[in-house]
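Residue numbers (my numbering): -6 to 516.
Where a beta carbon is used, it is the ideal one built from N, C-alpha and C, also for glycine.
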Ligand code: NOJ
């Protein structure tokens, strides 16, 4: 059993997301592995972040990139062993990094033994999943759609019932009201906590519970559609998700999760679904519930000043919202929220480094990588394949990151599972030796935040007419009387500011801050 001094968390940590298959390969299979993470953790530590968050590395048929788990307490043999996992945790702690791992409680793989037994009608597993009889005419129990678009119900001819799935039909949804399922969730948490992890990223928490009446969702009004997350070519955005996500007791379910985990474990929830996302995330994160939850709003809305201010206006405690721009599900933000230039990369890095709550930096964004183009033959992601070529798609962001400039960019000695055609000069090796690289800026910005901490935020100024946001923060701890001022100029016009910032994302002299620039003053 590991001891846990590492579980003293800052309120708003910076968390580096690692998608293991695409981080670093030590075996020449073309797929990243846990030893690859261990080997390269030093790079992560130099970024000034507080923690790593590791996406699923569990046994899985990869019908949804590893988020279809066949065994929640084992390591996928292609990614390593349990001893490799233990070494990774030990190395992270040695480097002062806490470890968060992904936990998927909403569903399993359809190859998971629980599901196989449930299908066979084994009484111990009968109630593990959400089974419902068909309507008298044989059709599905209601009109619910999976988040990927197709109906949320798939027929199983052995049980002669439908099962619910919020994502692909290969990911049957667990019945999280079932006491035996809850016992399993606690046992899974305990297993990983005993191996020394410090926190969990909880997948798809908004899908945990649903209205037991199973009433049809009404169509989304135009206003609901506008505020909903997701691409409009996915029919999920056509519904108002009043019955399939988090009914009355849905938010307080997180109090169970907190009880199972204990007080010192960092719990970060992912809100993917439907409308009212910011309000849902705020209700999920609460002193007795999750530390924080995050939505797709800022990333999907291209990190505009308006989107940022809108999110801030919809939550009472922005310190309990997670802030991020890229992930394994979203296109790289250098050219989605920016124009791909180094200037925009650094401006957006400063936006993140001064965000009020936990920040998630996705592997490779510190290099300013743009979204790679993949051909249909390269792609394995079920969502991308369903809507190809409508995009931008999810798999591009999963292209392995460039460590060096050699043919496979130092990612693998073999053939990478996705082509790594990065432009020359973007690699960690090159950016490490250049004092003025994006990587250098990320290090400065995140280290600045880590050293001073982030206190309570005040939104000092923002109006729809102007693209400049002014924020200020208290500084916690020994510098408690000080304040940090932040100006983010999202537009292209010059903004009037104080002189001599402590850190700026682009050069300027005097009081004229150029467009697409952010800066911080201490005092
Ligand atoms: C969110 C994950 O980030 C995504 O990759 C996955 O497809 C869904 N949840 C389902 O687990």
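- Listed by position in the chain, the residues whose beta carbon lies within less than 5 Å of some heavy atom of ligand 1 are 57, 60, 160, 196, 197 and 322.
- The criterion of a C-beta distance shorter than 8 Å is satisfied by residue 289 and residue 323.
- The residues 56, 61 and 103, in chain order, have a CB closer than 6 Å to that of residue 163 in the same chain once the five nearest residues on each side in sequence are set aside.
- Of the candidates 402, 448, 499 and 284, 499 places its Cα closest to the Cα of residue 336.
- Pairwise C-beta distances place the stretch 76 to 89 in contact with the stretch 173 to 193, as three or more of them are shorter than 8 Å.
- Each of 32, 222 and 320 was checked against the Cα of residue 18, and the nearest Cα belongs to 32.
- For residue 194, no alpha helix (DSSP H) encloses it; the enclosing beta strand (DSSP E) starts and ends at 192 to 195.
- Under the DSSP definition of a beta bridge, residue 513 partners with 479 and 496.
- Taking 8 Å as the cut-off, the beta carbon of residue 274 is found closer than this to the beta carbon of residue 264.
- For the set 126, 178 and 135, the Cα lying nearest the Cα of residue 250 is the one of 178.
- Runs of the beta strand (DSSP E) spanning 3 or more residues and lying entirely within the stretch 91 to 174 occur at 91 to 96, 146 to 149 and 154 to 157, in chain order.
- With contact defined as three or more Cβ pairs closer than 8 Å, the stretch 126 to 133 and the stretch 152 to 172 are in contact.
- Using a C-beta cut-off of 8 Å, the stretch 344 to 354 makes contact with the stretch -3 to 10, since at least three inter-stretch Cβ pairs fall below that distance.
- As a beta-bridge residue in DSSP terms, residue 7 pairs with 352.
- With respect to the C-alpha of residue 219, the residue from 410, 293, 349 and 242 having the closest C-alpha is 293.
- Cβ-Cβ distances below 8 Å link residue 242 to 202 in the same chain, with the five nearest sequence neighbours on each side left out; the list follows chain order.
- For residue 421, the enclosing alpha helix (DSSP H) begins and ends at 421 to 426.
- For residue 452, the enclosing beta strand (DSSP E) covers residues 450 to 456.
- Contiguous beta strand (DSSP E) elements confined to the stretch -2 to 61 occur at 7 to 11 and 44 to 47, taking only those with 3 or more residues.
- Straight across, the Cα-Cα distance linking residue 495 with residue 301 is about 23 Å.
- In chain order, 88, 89 and 90 place their CB closer than 7 Å to the CB of residue 38, counting only its own chain and leaving out the 5 sequence neighbours on each side.
- Each residue's CA atom was taken as its position, placing residue 457 and residue 325 some 27 Å apart.
- An exposed status is given to residue 429, since fewer than 16 other beta-carbon atoms sit within 10 Å of its beta-carbon.
- With respect to residue 438, residue 480 sits apart: the two C-beta atoms are not nearer than 8 Å.
- Between residue 165 and residue 101, the C-beta gap is smaller than 8 Å, which places the two residues in contact.
- Between residue 433 and residue 228, the alpha-carbon positions lie close to 42 Å from each other.
- According to the DSSP secondary-structure assignment, residue 470 is paired through a beta bridge with no residue.
- Sorting 408, 501, 144 and 236 by C-alpha distance to the C-alpha of residue 22 places 408 at the top.
- Along the length of the stretch 224 to 264, whole beta strand (DSSP E) runs at least 3 residues long occupy 259 to 263, reported in chain order.
- Residue pairing by DSSP puts residue 287 in a beta bridge opposite 263.
- When beta bridges are read from the DSSP output, residue 489 appears opposite 505.
- The DSSP-derived three-state label of residue 411 is coil.
- A direct Cα-to-Cα measurement between residue 334 and residue 431 gives close to 10 Å.
- Each residue's CA atom was taken as its position, placing residue 122 and residue 360 some 42 Å apart.
- Three or more beta-carbon pairs separated by less than 8 Å are not found between the stretch 403 to 422 and the stretch 377 to 384, which leaves the two stretches without contact.
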